[in-house]
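Student: Okay, handing you the structure first.
In the working numbering, the protein residues as written are 153 to 357.
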């Protein structure tokens, strides 16, 4: 099953961040969403593995860093500092965040048969929905866009987001549907055609 898809603020709680707090993240998606909620925040780039990032936080250079909650859980990190898992209403995660994928050769039918047998069907449906959203935007992990899909009684619900790099403009759309590909693409097209998303993309490129 998919792990926790949320992002986590490490080193502080979202509610307690002081004015002008210094947040480190290498993700344009995370930076744009945080800036939309809190234009006063100051951002710095942060690269490297998880241990390197935590060491930089502990050195006192930042008020907090942002990481995938799934990474904290999978590595069973026992952190003595605050970890605030951010509600998707504050920050939509990266497409497919928290899901594990296995790659194999396209002509390796035997391995593909094994993988189909062990894949988690519910995770596949929501991840396919999110990927369809990003594909319709024509983006990748360098785009300030996020999406989060979950299963509901009526099918699948998804919220998708696209923002400017500085977070001054942020557009979101929430919908429910049954077909992953059609649903994800419909949300993206709405943002592009009805909410000014094409202008945002033009500015980004």
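The beta carbon of each residue, even a glycine, is placed where N, CA and C say it ideally should be.
Note that the structure is a prediction, hence the values are computed from the model and not measured.
Run through the segment 198-256 for me and flag every whole alpha helix (DSSP H) of 4 or more residues, listed as ranges in chain order.
Tutor: Whole alpha helix (DSSP H) segments, 4+ residues: 202-210 and 221-226.
Student: Keeping to the same chain, check which residues put their C-beta closer than 8 angstroms to that of residue 338; ignore five residues upstream and five downstream.
Tutor: Around residue 338: 327 and 329.
Student: Apart from the five residues just before and just after residue 196, which ones in its own chain have a Cβ nearer than 6 angstroms to its Cβ?
Tutor: The residues are 176.
Student: In terms of DSSP beta bridges, what is residue 175 paired with?
Tutor: The partner list for residue 175 (beta bridge, DSSP) reads 195 and 216.
Student: Starting from the Cα of residue 301, find the closest Cα among 258, 246 and 353 and give me that residue.
Tutor: The shortest Cα separation from residue 301 among 258, 246 and 353 belongs to 246.
Student: How close, in whole Å, do the beta carbons of residue 187 and residue 319 come, if the pair is a contact with beta carbons under 8 angstroms?
Tutor: Indeed they touch by this definition, with Cβ atoms about 3 angstroms apart.
Student: Does the pairing of the segment 205-222 with the segment 156-163 give three or more beta-carbon distances under 8 angstroms?
Tutor: Cβ pair count under 8 angstroms is three or more, so yes.
Student: Ends of the alpha helix (DSSP H) at residue 349?
Tutor: Per DSSP, residue 349 belongs to the alpha helix (DSSP H) from 349-356.
Student: Relative to the ligand ADP, is the shortest distance from any of its heavy atoms to the C-beta of residue 206 smaller than 7 angstroms?
Tutor: Among the ligands in the structure shown, none appear at all, so the ligand ADP cannot be discussed.
Student: Here's the rule I'm using: 16 or more other beta-carbon atoms within 10 Å means buried, otherwise exposed. How should residue 248 be labelled?
Tutor: Looking at its Cβ environment, which holds 16 or more other Cβ atoms inside 10 Å, residue 248 is buried.
Student: Tell me which residues share the same chain as residue 340 and place their Cβ nearer than 7 angstroms to its Cβ, disregarding the 5 neighbours each side in the sequence.
Tutor: Answer for residue 340: 285, 288, 289 and 312, listed in chain order.
Student: Output the distance between the C-alpha atoms of residue 183 and residue 194, rounded to the nearest integer angstrom.
Tutor: Near 9 angstroms, if we compare the C-alpha coordinates of residue 194 and residue 183.
Student: May I have the straight-line CA-CA distance separating residue 344 from residue 232, to the nearest angstrom?
Tutor: The alpha-carbon atoms of residue 344 and residue 232 are separated by roughly 43 angstroms.
Student: Measure how close the beta-carbons of residue 244 and residue 298 come, nearest whole angstrom, since I'm counting them as under 8 angstroms.
Tutor: With a Cβ gap of about 3 angstroms, residue 244 and residue 298 count as contacting.
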